[in-house]
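Chemist: For the sequence shown, the numbering used here gives the first residue as 8, with consecutive numbering after it. Glycine included, each C-beta is placed from N, C-alpha and C at the ideal position.
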Amino acid sequence: MGENLWAWQTADGIPYLTCTLLAPWPHGFFTRGFYPRLPEVLINYLDPQGTAFRVKQVHGDVSLTAREISQTPAAPNSVHPPADGVISDAPHQGVWVASADCTPVLIGDVITKRVAAVHAGWRGTKAKIVPKTIDKFLALGSELKDLRIALGPAIAGEVYQVDPWVALGVSQSLEVVQRLPTEERQWDYLYTIPNPPVLPDGEPEKCRLDVRRVNQLQLLELGLTPAQVAVAPHCTFQGEELFFSYRRTHTKEVQWSGIVSG
């Protein structure tokens, strides 16, 4: 989970981030310098023989395989079907998600070489899109022990101010929180566990939420080990030179994250 799991690469003189857990697969968390290049172009930096697959992201809990993408009707005003995760089902398939504060999650199976890219904002995290994507991996023949997962650059909890109902609702996606009998007990737990997913805020009726940490805790609850999950030490909101941040600028620019199946 440390910084030594992450390394910067360059393409056309522009930096992008990689994770050593995902070394078996061409992959990258691309930065704002690549904007407005789309996955159909970006995949050439990873696998010139690859084909790019993406969806119309809707802050939901659905992940589609590449085959399902071709069979699913497009979302309104889009040529892509609505979903927030993409799963490969053949070699040389590049799967992609866009983000600008939400957590981009890249997943690989070291045995099957299957990969996935998932967009996990607070709504998708509340709906457990990453565990649901992993459930789909398991249904397709994967085993938990063979998965490697990288949570890419996203807004850090220390700067992500939200309403308490958002923070509690997202955190209640964790089984350990659900089991506590009262909201008061839930809040006490969330504020006091190591590396807490919820932080205090100086403004009344506000708090700070670490969505990426909630995703990490969801993965550990599934039974993955800490060594299987890497968390990028980069914040989109604070890293203005490298990343777009919707919370910072309220504009529509995004950075793309992708991984290519083996």
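Give the DSSP-derived three-state secondary structure of T243 in the structure shown.
Modeler: If DSSP states are grouped into helix, strand and coil, T243 belongs with coil.
Chemist: Quick one: complete alpha helix (DSSP H) runs, 4+ long, within the region 211–258?
Modeler: With a minimum length of 4 residues, the continuous alpha helix (DSSP H) runs that stay inside the region 211–258 are 218–229, 253–256.
Chemist: Which residues share a DSSP beta bridge with W172?
Modeler: W172 is not bridged to any residue.
Chemist: Any idea what DSSP makes of G265, helix, strand or coil?
Modeler: Strand at G265.
Chemist: Within 10 angstroms of its Cβ, does L145 collect 16 or more other Cβ (buried), or is it exposed?
Modeler: By the 10 Å Cβ count, L145 comes out exposed.
Chemist: Quick one: residues in its chain with C-beta nearer than 7 Å to the C-beta of C109, no 5 flanking neighbours on either side, listed in chain order?
Modeler: Only H126, A127, G128, A161 meet the Cβ criterion.
Chemist: Is the region 224–239 touching the region 62–75 in the sense that three or more CB pairs, one from each, lie closer than 8 Å?
Modeler: These segments do not touch.
Chemist: So, for G270: in the same chain, excluding its five sequence neighbours on each side, which residues have a beta-carbon less than 7 Å away from its beta-carbon?
Modeler: Missing from the structure shown is residue 270; the chain here goes from 8 to 269 and no further.
Chemist: My output table needs one value for Y42: the three-state DSSP class, helix, strand or coil.
Modeler: If DSSP states are grouped into helix, strand and coil, Y42 belongs with coil.
Chemist: Starting from A124, trace the beta strand (DSSP E) both ways and give me its first and last residue.
Modeler: Where A124 is concerned, the enclosing beta strand (DSSP E) stretches over 122–127.
Chemist: Specify whether the region 220–230 and the region 139–158 touch according to this definition: at least 3 beta carbon pairs, one from each stretch, less than 8 Å apart.
Modeler: Contact between the region 220–230 and the region 139–158 is present, because at least three Cβ pairs lie under 8 Å.
Chemist: With a CB to CB cut of under 8 Å and the five nearest residues on each side skipped, what residues in its chain are close to R121?
Modeler: The answer, listed in chain order, is I94, S95, D96, G115, F144, L147, S149, S268.
Chemist: Thinking C-beta only, is V104 closer than 8 Å to P111?
Modeler: The answer is yes: Cβ separation under 8 Å.
Chemist: For P33, tell me which candidate among S252, H257, L226, L113 has the shortest Cα-Cα distance.
Modeler: It is L113 whose Cα lies nearest to the Cα of P33.
Chemist: How about I136 and G164: are their beta carbons less than 8 Å apart?
Modeler: Cβ atoms of I136 and G164: not closer than 8 Å.
Chemist: A123 and T140: beta carbons closer than 8 Å?
Modeler: Cβ distance < 8 Å, so A123 and T140 count as in contact.
Chemist: Alpha carbon to alpha carbon, how far is Y196 from P43? Give it in angstroms, no decimals.
Modeler: Roughly 42 Å separates the two Cα atoms.
Chemist: DSSP three-state label for T119, please.
Modeler: Coil, per DSSP.
Chemist: Identify, in the order they occur along the chain, each residue of the same chain with its Cβ nearer than 8 Å to the Cβ of E190, setting aside the five sequence neighbours on each side.
Modeler: Hits under 8 Å: L175.
Chemist: Report the rounded CA-to-CA distance for W15 versus Y52, giving the unit in angstroms.
Modeler: Answer to the nearest angstrom: the Cα atoms are 14 Å apart.
Chemist: To the nearest angstrom, how far is it from the Cα of Q7 to the Cα of A90?
Modeler: In this structure the chain extends from 8 to 269, so residue 7 is not present and cannot be described.
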